[in-house]
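Input: a single structure, listed below in structure tokens.
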Amino acid sequence: MWKIFALLALSVNICVSSPVVRTQREFSTYRLPNTTVPTHYNLYLDTDVHLGVFEYTGNVKISIRVLEDIKQIVLHSVRNEIQRIQLFTNQLPVPVQGFEFDVDKEFLIVNTNVWLHAGESYVLDIDFTNSLERNDQAGFYLSSYVNDAGETKFLGVTQFESCDARSSFPCYDEPGLKTTYDVKIACGLEYTAKSNAPASGIQILSNGKKLTTFQRSPRMQTYLVAFLVSDFANEREVSKEPHQVAVSTLARPTARHALTYSVDASVKFLREMEKYFDQSYAMTKIDNVAVANNDFAAGAMENWGLVTYRESTILFDPEIHGESVQLSVVGIVGHEYTHQFFGNLLAPKWWSYLWLNEGFARFYQYYVSEFSHPELNMRERFAGVRTTALNTDASATVRPMTHYVETTAEISRLFDNIAYAKSASVLRMFNYALTEKTFQKGIRYYVQQNKDNGVVEEQDLFNSLQQAAAEDVRLPLSLTMNEVFSSWSNQPGAPAVTVTRVGTTNEYLFSQERFFNTPQDNPSTQSWWIPISFTSSSNAEYETRVAFWMPPGVSEVSYRIDGDQVLINPQATGYYRVNYDPEMWASIIRDLHENPNTIHKLSRSQLIDDSMQLAHAGKLDYDTAFKVMDYLREEVEYVPWETAAYNLDYLHRMLRSDKKASESLENYVADLAKKLLSTYGLEPVKGESANAEEARLFGLKWACKKDERCRAKANEKINRMRKRSTLEINSKSEQLLMCHQLRYINQLDIVTMVDSLRMTRDDRSRGYLIDALSCVEDKSSINYVLNSLKLKDFKANEKLQVIQNIFQNSVDGFDIIMELLNSSTNVVEDLNINRRAFHDILENLAKFATDTESAAQVMAIVEREAPVISADVRTKLSENRSWIERNSAAVIEALNKYL
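Per mature numbering (1 follows the signal peptide of the UniProt record, and there is no 0), the sequence shown runs over residues -17 to -1, 1 to 882.
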């Protein structure tokens, strides 16, 4: 649909201040025609956010090159009020006939009176106005904080990925179009402007403002352009070797005390990353910016040189936070800094290759941190990423890693577990399959061979890995990386490998099939090149190395393995599930119960996940799966328990409509987790490891319901709250400890907690308080908490957090949330929440709809409020229904044997 305005300029004019009336035309694609491409931007913004004025004015001069003879220039613009458009060549004006919009495709079309010829260069000069005041937490938008004096201070910050640069200034908003930027920003004297590149000068203006001019940026795509206009405090460290880089963290002045750790972690990770990839960081500065949680929909954003984060992910207060928060800071810094190479230096040609950004960032945040922060043991924590990936990939409707889309809604939905978790898991698999030394060499080739062009697709990665693999002879001569890797990137799903021992011989038979969480009417013919590794009682040579490549399209492969106690895919280096014959499962279970430490913790994690998921899919009996799970009575390591918790949460979700079955499961899990409480205690210990801290959380979550010590300690804290009429919760351990008792508190206690929330400024502490409030289970208390959402004390993200917690915590909570959603004809508007985040809530809601009535209610809301996600939600509801019909009785029967 076209947005048409009155004709206000004649065709002979060289500038146009309003769109002209044009005959409607059709663009066949949401991609820009690319008949012109940008070669440089000069961008000027004039802001008054320091005065509480949220409108801003701007000018952008885009140098463009014409690729074919045309009489129109097509770029992106949305939300910008265009004041004037001019076109120049060699500083001479070119007649502009007018401009128009394709609203659906978000195109700005500039029409000319003369032909623009291929090879010619022009400057498109656009004046525009816009506003920071928007509620989608995208584009150039408004954030705020409350200072020590109780005053609200405003700031402007950006979030452009994936398609929101166009909503802040007119631009060519596609990832494959990289060019340089000269940026100037005017702001109040007491404020500071930041952009991607370092500042080159500041000019004091006559109107009580200043103009900051920034150095020219590297060639980059529009979604990485970033601005910050704020009065934030700053902690900075200049790292001088091997070249000078200034690293800083900026946050509201009231958080100044919590900046040091992130600066130190950033410097360490940056230097190790440069060394690992043999590539220097491209600029002389990199800033971390802590944005209030409630004003930042993303977890973090890798803007080149100006990285933004939610406050709770980057701030570290040494007085109250332990190693688990340090681990969180290192992880997210590592992710965004890896993007400075993978995503920024090397940009995807199109969103189809988003995994070349997110897969590398997710993988190396764990693997480079092994060198920057070895004390955190982050590599072993990758188990959780792999678990998430395999369970996402088990759906029949999941997409492949490389996947073509066009619309902004489709692009937004690419930022999923496939782009992050699966892609990282596949990259990790090849890291081991080729050996880390060869894989690292291939990645260095990938960077060096493509950094000048700066735009990549998957074939570029395959070629570089092939070069390294050929040099080091890491693949059979008959194989290529293109053939092997594309079997993983270009088809959806993941395989399950079934292993059968031939009698009592040392011959083992291997077969593969695509693994589905729900049995399919028609069997899949998909297959992969699978790197098989193994360990046995007499052979550990292939524990993380490839013993052989299992080819696609072959029904069965025979391989000899000497020794007993055979484990396939030990340390879970391969991205596939493993099923064994009954005798092999029996042997593995015996070792798990009698000698668990002879099996690597990553293998123990994998066995828990594989056995339970195979049982859900009808590929293994539940008795075997629960025998594997039951060894956890003696397990106190974090990694296996993390995987167990994922699977136990799923069982609890699927059984919770059956009150008796749900209670049986809770009793069983409480017994499993008892040793966690006795080992780690009820409260954090200063200086303990993140693994100990987080293993305790599983004990508190699962075992506290049945533990008198928990109740006594929680009641002690609740009574203290009643005496002081205020509540502080400074750790997740404290929140979980109290949660079971908070279910039974009275109305006055809830009022106290809401009042405490009003006075709490720290985002992480607010999160703990909100999680605690959400523990209430009786209907009147839940309704009181939900009514509190209407107060200004709850911001958009916190409203979503409360809603999600309540429907996850209880069946009654689910029903009340359904009533809330059905009582409104426009929930997003009524609650003033982010639409994209609301879609996530609806998809999560579908996971908890396990009966016919609730499924129908969820589907009705989705079709009314978010039809774009209806297909995915319908699939999830169908999978839930299928699971209940096939498995609930069998799970209950198996569970009862262990009570």
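For every residue, glycine included, the Cβ atom is placed at its ideal position computed from N, Cα and C.
Taking only the alpha-carbon atoms, compute the straight-line gap between residue i and residue j and give it to the nearest angstrom.
i      : j      : result
Lys696 : Leu720 : 8 Å
Ala344 : Asn277 : 24 Å
Val811 : Ser335 : 30 Å
Asp348 : Phe445 : Reading off the sequence, residue 348 comes out as Gln, not Asp. Cα-Cα distance, rounded: 22 Å.
Ala451 : Ile426 : 9 Å
Ala234 : His100 : 49 Å
Ile789 : Lys167 : 46 Å
Arg411 : Tyr559 : 12 Å
Phe37  : Lys405 : 41 Å
Val140 : Ile303 : 28 Å
Phe398 : Leu337 : 8 Å
Phe197 : Asn809 : 43 Å
Thr19  : Leu211 : 30 Å
Tyr244 : Asp110 : 42 Å
His356 : Val313 : 8 Å
Ala877 : Val856 : 30 Å
Val874 : Met612 : 13 Å
Leu289 : Val381 : 34 Å
Ser837 : Ser806 : 16 Å
Glu781 : Asn327 : 31 Å
Val97  : Asp52  : 10 Å
Gly133 : Ala238 : 15 Å
Ser60  : Tyr525 : 55 Å
Leu115 : Leu207 : 18 Å
Val43  : Thr508 : 53 Å
Put residue i into one of helix, strand or coil per three-state DSSP.
i           : result
His23       : strand
Ser461      : coil
His822      : helix
Asn870      : helix
Gly557      : coil
Ile53       : strand
Arg5        : Note on Arg5: pLDDT 41, under 50, position unreliable in the model; the coordinate value appears next. The answer is coil: DSSP assigns Arg5 none of H, G, I, E or B.
Ala121      : coil
Glu83       : strand
His386      : coil
Ala273      : strand
Asn580      : helix
Leu603      : coil
Thr175      : strand
Leu337      : coil
residue 912 : Residue 912 is absent from the model: the chain starts at -17 and stops at 882.
Leu242      : coil
Val759      : coil
Leu680      : helix
Asn63       : coil
List the residues that DSSP assigns as beta-bridge partners of residue i.
i      : result
Ile513 : Met533
Ala523 : Per DSSP, none; premise fails for Ala523.
Gln495 : Val480
Asn113 : Tyr39
Ala229 : Val221 and Lys268
Tyr542 : Tyr491
Ser46  : His23 and Val106
Ser127 : Phe137
Among the options, whose alpha-carbon lies nearest the alpha-carbon of residue i?
i           : options                           : result
residue 885 : Gln474, Ile544, Leu458 and Asn788 : Outside the shown range of the chain (-17 to 882) lies residue 885, about which nothing can therefore be said.
Glu358      : Ser661, Gln503, Ala673 and Asn113 : Ala673
Asp131      : Ile800, Asp745, Val874 and Ser494 : Asp745
Thr488      : Met567, Pro502, Phe499 and Glu51  : Met567
Asn500      : Ser748, Gln432 and Thr858         : Thr858
Ala820      : Ile852, Thr833 and Asp795         : Ile852
Ile816      : Leu783, Gln840, Leu828 and Pro478 : Leu783
Leu804      : Ala849, Glu760 and Leu860         : Ala849
Val785      : Asp798, Pro506 and Ile765         : Ile765
Gly342      : Met704, Asn25 and Phe413          : Phe413
At 3 residues or longer, what runs of the beta strand (DSSP E) sit wholly inside the stretch 183 to 220?
192 to 197 and 210 to 213
Report the residue ranges of all beta strand (DSSP E) runs contained in full by the stretch 283 to 334; include only those spanning at least 3 residues, in chain order.
289 to 293
Whole runs of the alpha helix (DSSP H) within the stretch 826 to 866, excluding any shorter than 4 residues
835 to 848
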